[in-house]
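See structure below.
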Amino acid sequence: MNEFIKQLDLSSAENIYIPGDIHGEFNFLQLALNELGFSNKDHLLLVGDNIDRGSQNLEMITYVLSIENGHSVEGNHERMAINAFVNNDRASYHAWYQSGGDWIDKYPDCMTKYMLSKLNGQLPYCIEFEFLGKKIAVSHASIPDYDYLELNKQGASKRNIDLLTSHHEEFVEYGVLKNEHHNVPVKGLDLAIHGHTGVSKPVMVHNRIYLDTGLSKDAGIGEGSKNFLSILCFNKTRGVSLVHFKRNLFMKEIEWLEDVDNEKTYEQLHNLGFKVDPK
């Protein structure tokens, strides 16, 4: 059974890296981590939706299950896949297949079911850690009712799990959501970190940051430099920073993306009491 909220002690980590949704882009993630010098002294936190759309989904599942200095929360794509293959839910199967799960056609059903069975129950819905006295939580989608204190009291209800994995929000401009009732800070946290909701660059709403900048090519955000990977980095000396990587289509590798405007995000992080490192 999935752990609802997993509390981690990351005080010994030199760096904490939190990328947006990976969606089956295993090699891209590894290249980005290599560029950052990721080592066993660091810790990786994944925001969920590690599978679908990309081509290296079993590799991502294997990585998530085996990495010693990393954890992932469950996203709606993992949830759909597990419901489809492990719980034999036909409605979930069709929704998943049409949302990027068609990679299963490349593998025998027994292999896919075996890997998803191993993943079943292993991913928490939320991860909590502290960084220099700040309480931080990672979940795929937003915190239900934007109240972390109440979430802890209520526990793993179906509604809370549905919202943590699947609640979609729509931005009308930087930091402003279409539903005015959603433009509030999360109670009980200094910072909440999410993927799921696609953004053209990392966006903050009060003490919430959204990182899914559409690495997967069919994420609906656009092609080229608009589809890139954003990684939120925590270092006890330098503070908090954002880095971005995009595909080099000619070299079939990745390159740093330097022209993403993070000024508003850094300003809001600073206002929340975080030291920021824009360089």
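According to this note's numbering, the sequence shown holds residues 939 to 1217 in order.
No residue lacks a Cβ here, since even glycine has one placed at the ideal position from N, Cα and C.
* To do: Compare the beta carbon distance of Val1181 and Lys1213 with 9 angstroms and say whether it is the shorter of the two.
  => no
* To do: Quick one: grab the DSSP three-state call for Asp1100.
  => In the structure shown, Asp1100 falls within a helical segment according to DSSP collapsed to helix, strand and coil.
* To do: Quick one: residues in its chain with C-beta nearer than 8 angstroms to the C-beta of Pro1062, no 5 flanking neighbours on either side, listed in chain order?
  => Asn940, Glu941, Phe942, Ile943, Lys944, His1009, Val1011, Glu1012
* **Thr1050 to Glu1191 span [Cα, whole Å]** => Using only the alpha carbons, I get a separation of about 28 angstroms.
* To do: Check the DSSP bridge columns for Pro957 and list the partner residues they point to.
  => Ile1169
* Asked: According to DSSP, is Lys1184 helix, strand or coil?
  -> It is a strand residue.
* To do: Taking 9 angstroms as the cut-off, decide whether the C-beta atoms of Tyr1084 and His1120 are in contact.
  => yes
* Asked: Once you ignore the five residues that flank His981 on each side, which residues in its own chain have a CB closer than 6 angstroms to its CB?
  -> Leu948, Ala951, Ile954, Asn1007
* Asked: Under the rule that 16 or more other beta-carbon atoms within 10 Å means buried, what is Trp1034, buried or exposed?
  -> buried
* **Nearest-angstrom Cα separation, counted from Asp1043 out to Cys1064** => 31 angstroms
* Between Ile1074 and Glu1108, what straight-line distance do the alpha-carbon atoms span, to the nearest angstrom? -> Rounded to whole angstroms, Ile1074 to Glu1108 spans 23 angstroms at the Cα level.
* To do: Determine the contact status of Gly992 and Leu1149, defining contact as a CB-CB distance below 9 angstroms.
  => no
* Three-state secondary structure (DSSP) at His1032? -> helix
* **Uninterrupted beta strand (DSSP E) stretches inside the region 1043-1125 (no shorter than 3 residues)** => 1064-1069, 1072-1077, 1109-1111
* Spell out the partners DSSP gives Arg1146 in its beta bridges. => Ala1130, Val1143
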